[in-house]
Amino acid sequence: MVRDRSVYKPRRSLVTSDTPRKSGALTRSQRRYGWLFCAGAVIIIGAFVFYPALSALYTSFTDATGFNIPQWVGLKNYQDLFTNPDVLRALLNTAIYTVIYVPILIAVSLGVAVLLNREDLPLRGFFRSAIFLPFVLSMAVASMAWKFILDPNLGFLPFWLSKIGIHMGDVLGSSIWALPTVTLVGVWKNFGYFMVIFLAGLQGVSHELYEAAELDGAGPWRKFTSVTLPGLRSTTTYIVIMSLIQAFQAFDQIYVMTSGGPDHMTETMVYRIYTEGFRNFHVGAASALSYVLLLITFAAGLIQLWLNNKHEKEDM
Amino acid sequence: MSSASTSTSTSVGRVRRRTSRTVSTILSKVGVYAALIVTSLITVFPFFVCLMTSFAPQAQVNAWPPKLIPTSWTLDNYFQLFHRLPIGRQFLNSVIFATGVMVFSLIFDSLAAYALSRLDFKGRNVLLVVLITGMMVPYQALLIPVYKMLASAGLIGNMNMLAMILPRMADVAGIFLLRQFFVSLPRDLDNAARLDGAGEFRVFWSIVLPNAKQGIFTLALFNFMNNWNDLLWPLIMTSKSNDRTLIAGLSLLNGSQGGAIPYGIMMAGAVISAIPLVIIFAFVQRQFVEGIAMTGMKG
Numbered sequence: 022m023v024r025d026r027s028v029y030k031p032r033r034s035l036v037t038s039d040t041p042r043k044s045g046a047l048t049r050s051q052r053r054y055g056w057l058f059c060a061g062a063v064i065i066i067g068a069f070v071f072y073p074a075l076s077a078l079y080t081s082f083t084d085a086t087g088f089n090i091p092q093w094v095g096l097k098n099y100q101d102l103f104t105n106p107d108v109l110r111a112l113l114n115t116a117i118y119t120v121i122y123v124p125i126l127i128a129v130s131l132g133v134a135v136l137l138n139r140e141d142l143p144l145r146g147f148f149r150s151a152i153f154l155p156f157v158l159s160m161a162v163a164s165m166a167w168k169f170i171l172d173p174n175l176g177f178l179p180f181w182l183s184k185i186g187i188h189m190g191d192v193l194g195s196s197i198w199a200l201p202t203v204t205l206v207g208v209w210k211n212f213g214y215f216m217v218i219f220l221a222g223l224q225g226v227s228h229e230l231y232e233a234a235e236l237d238g239a240g241p242w243r244k245f246t247s248v249t250l251p252g253l254r255s256t257t258t259y260i261v262i263m264s265l266i267q268a269f270q271a272f273d274q275i276y277v278m279t280s281g282g283p284d285h286m287t288e289t290m291v292y293r294i295y296t297e298g299f300r301n302f303h304v305g306a307a308s309a310l311s312y313v314l315l316l317i318t319f320a321a322g323l324i325q326l327w328l329n330n331k332h333e334k335e336d337m
Numbered sequence: 007m008s009s010a011s012t013s014t015s016t017s018v019g020r021v022r023r024r025t026s027r028t029v030s031t032i033l034s035k036v037g038v039y040a041a042l043i044v045t046s047l048i049t050v051f052p053f054f055v056c057l058m059t060s061f062a063p064q065a066q067v068n069a070w071p072p073k074l075i076p077t078s079w080t081l082d083n084y085f086q087l088f089h090r091l092p093i094g095r096q097f098l099n100s101v102i103f104a105t106g107v108m109v110f111s112l113i114f115d116s117l118a119a120y121a122l123s124r125l126d127f128k129g130r131n132v133l134l135v136v137l138i139t140g141m142m143v144p145y146q147a148l149l150i151p152v153y154k155m156l157a158s159a160g161l162i163g164n165m166n167m168l169a170m171i172l173p174r175m176a177d178v179a180g181i182f183l184l185r186q187f188f189v190s191l192p193r194d195l196d197n198a199a200r201l202d203g204a205g206e207f208r209v210f211w212s213i214v215l216p217n218a219k220q221g222i223f224t225l226a227l228f229n230f231m232n233n234w235n236d237l238l239w240p241l242i243m244t245s246k247s248n249d250r251t252l253i254a255g256l257s258l259l260n261g262s263q264g265g266a267i268p269y270g271i272m273m274a275g276a277v278i279s280a281i282p283l284v285i286i287f288a289f290v291q292r293q294f295v296e297g298i299a300m301t302g303m304k305g
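Protein sequence lines correspond, in order, to chains A and B. Per our numbering, residue 22 is the first one in the first sequence, and the count goes up by one each step. Per our numbering, residue 7 is the first one in the second sequence, and the count goes up by one each step.
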């Protein structure tokens, strides 16, 4: 082991970005303490992430109910995923949720971040706090409020809309509108958080580039597309992946606002895992669905790592 | 402006251009404010409705048309809430759960983050790769096997609080968040301390931690907030009303009687559950937002 780490070019930033330089005495004690310091976290994460991930894989090939002695059923649970219309509905709903959620979330959070990105804007702190508020408070609580606001017999939104001649009806009971509605509540809850990250990204875009663009006679839109957007590339990658992962995991507002209804039209993957695993006791089937969730989340994470790498190489 | 224009027309043009520019700046300022005000109204409105409805008499809550400001102010919803749910107990559960996860995960995450950013030990890079893999596993996918483990260990039903806290005593995302902050500290600091004879724990405790306050603080708030607000986890890990957290307990009110939803009472619960977070964030929002910004930028 004579490799000099100080000239070692890191390939994966998360892994090797800051390896300490070796020097005899220090290293010896570091060897001893390294695993000791990691022990607590390694035990917890091993026991409650890695072990269950493997045991869920096994369960997904059995007919476990939580009460029986599980029998091996091979790929049956996975085949059922693609033949059971309710599961297919849940997969489709998650896909629709994602397709609505991600673009709207990014457009809104980026838009608001651009508006707020002026140090001299009066009341800037007030706006930022107000817009950040939904992220701080619980989705379950906010969903109760939204359910009330949307209630066709009691709510403010149907009432106000009726004043301008629009009959809103029962959106949460509508098989067409319920899913977009709970999706938009998801956007409403989280865009303040992504706005903060976009704001941080915007601070990193150099002023000189804007000035240069201005000298070239670029208008606000042109400046946005040729300076702001390219400058936000790695921020946007991060936000796309984070929001994808959030969309795959939608649950709280659905549990509170629609309970998956009407007629399974708002049941998502996590909602289905919850009802199958903890209400209907189809533990094997729920484990198979859990694995689908795990794999698509994992795929999103890998894409993030890969893009990060690529950007870093290009920036070097 | 063509080059043939006279000097007067040029200056007139300049003046005109300047006025039109001020007009457009004013218009764009008005537009920016209008957009920000509308956005803030949309984000704040549901919470305002919550607060007002919680003080409104039930007759008003269940009447059409809806009124924003209570016709007469009453604490009736709060009394009803305390009558229906063990709110004090659930509030305490929330405090113990959120604080417990926060404290333990800060300890284990920061120790691991220190080792992974400052110490050179065998298997370190393998461990990093394994942990990154673990970070990409969503907890929702592990609900069933984790529940099974905790149930067979006899924790569920007897020691629900431990069952809820234990699996969350460390998390990979937290380790990497802290590691980002630790990595940015100059290494000379701790090397100097080591040469002075400080042990690794001493370096960790008196050199690295105090210099990464922002990171510790951000992670602490994240953990407290996420666990305080979590619904699915306590919903699964508890079944008795007395074991539930506030958020999971409140959801019992929702549609539990089959008939009309008791909105007024739900909103009273919502207000109580929001109070601690609102108080915390009234004081530390700026630091928290800055912390998020720092973690987000690195992505």
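From the three backbone atoms N, C-alpha and C, an ideal C-beta is built for every residue, glycine too.
Taking buried to mean at least 16 other C-beta atoms within 10 Å of its own C-beta, is A/Q100 buried or exposed?
-> exposed
Output yes or no for whether 8 Å exceeds the beta carbon distance between A/F269 and A/L205.
-> no
With a Cβ-Cβ cutoff of 8 Å, do B/L259 and B/I271 count as a contact?
-> yes
DSSP beta-bridge partners for A/W93?
-> A/T83
Which class does B/R124 belong to by DSSP, given the choice of helix, strand or coil?
-> helix
Quick one, which residues of the segment 139 to 151 of chain B are near chain A if we go by CB-CB under 9 Å, in chain order?
-> T139, G140, M141, M142, V143, P144, Y145, Q146, A147, L148, L149, I150 and P151
Straight-line Cα distance separating B/T105 from B/M170 | 12 Å
Should B/K246 be labelled buried (16 or more other beta-carbon atoms within 10 Å of its own) or exposed?
-> exposed
Consider the Cβ of B/Q291: report whether some Cβ of chain A lies at a distance smaller than 8 Å.
-> yes
Can a CB atom of chain A be found closer than 8 Å to the CB of B/W70?
-> yes
Please classify A/Q270: does DSSP put it in a helix, a strand, or coil?
-> coil
Can you tell me which of the three DSSP states A/E229 falls into?
-> helix
Skipping 5 residues on each side, what residues in its chain have a beta carbon closer than 7 Å to that of B/P92?
-> S247 and N248
In chain B, what lies closer than 8 Å to A/A74 by C-beta?
-> V143, A147, L148 and P151
B/N166: first and last residue of the uninterrupted alpha helix (DSSP H) it sits in = N166 to I171
At which residue ranges does the segment 149 to 224 of chain A contain complete alpha helix (DSSP H) runs of 4 or more residues, listed in the order of the chain?
-> 160 to 171, 177 to 184 and 199 to 224
Given that A/T318 touches chain B, what residues does it touch there, using C-beta distances under 8 Å?
-> M142, V143, P144 and A147
Does the distance from the CB of A/Y118 to the CB of A/L171 come in under 8 Å?
-> no
From the DSSP output, in three-state form, read off B/D236 for me.
-> coil
What is the rounded straight-line gap between the Cα of B/D115 and the Cα of A/A234?
-> 45 Å
Limits of the alpha helix (DSSP H) - the one that B/N131 falls within = R130 to M141
Is B/I278 buried or exposed, if buried means 16 or more other CB atoms sit within 10 Å of its CB?
-> buried
Alpha helix (DSSP H) containing B/F187: first to last residue?
-> V178 to V189
Taking B/L237 and A/G298 to be in contact with their CB atoms under 8 Å, please state how far apart those CB atoms are, rounded to whole angstroms.
-> Between A/G298 and B/L237 the Cβ distance is about 16 Å, and since that is not below 8 Å, they are no contact.
Three or more C-beta pairs closer than 8 Å, one from the segment 96 to 116 of chain A and one from the segment 277 to 295 of chain A: is that the case here?
-> yes
Under 8 Å, do A/N174 and B/W234 count as touching if we go by C-beta distance?
-> no
State yes or no: is the beta carbon of A/E232 nearer than 8 Å to at least one beta carbon in chain B?
-> no
With 9 Å as the limit, tell me which residues of the segment 245 to 273 of chain A have their beta carbon closer than that to any beta carbon of chain B; keep them in chain order.
-> S255, T256, T258, Y259, I260, I262, M263, I266, F269, Q270, F272 and D273
With 16 other Cβ atoms within 10 Å as the buried cut-off, status of A/G67 | exposed
Would you kindly work out how many angstroms separate the C-alpha atoms of A/R149 and A/A85, rounded to a whole number?
-> 49 Å
Could you tell me whether the segment 207 to 214 of chain B touches the segment 81 to 101 of chain B, where touching means 3 or more Cβ pairs closer than 8 Å?
-> no
Closest by C-alpha distance to B/A280, when choosing among B/S111, B/A179, B/L191 and B/F97 | B/F97
Is there a Cβ from chain A that is less than 8 Å from the Cβ of B/F114?
-> yes
In angstroms, rounded to a whole number, what distance separates the CA positions of B/I253 and A/S247?
-> 45 Å
Would you kindly check if the distance between the Cβ of B/F54 and the Cβ of B/T80 is under 8 Å?
-> no
By DSSP, does B/S245 sit in helix, in strand, or in coil?
-> coil
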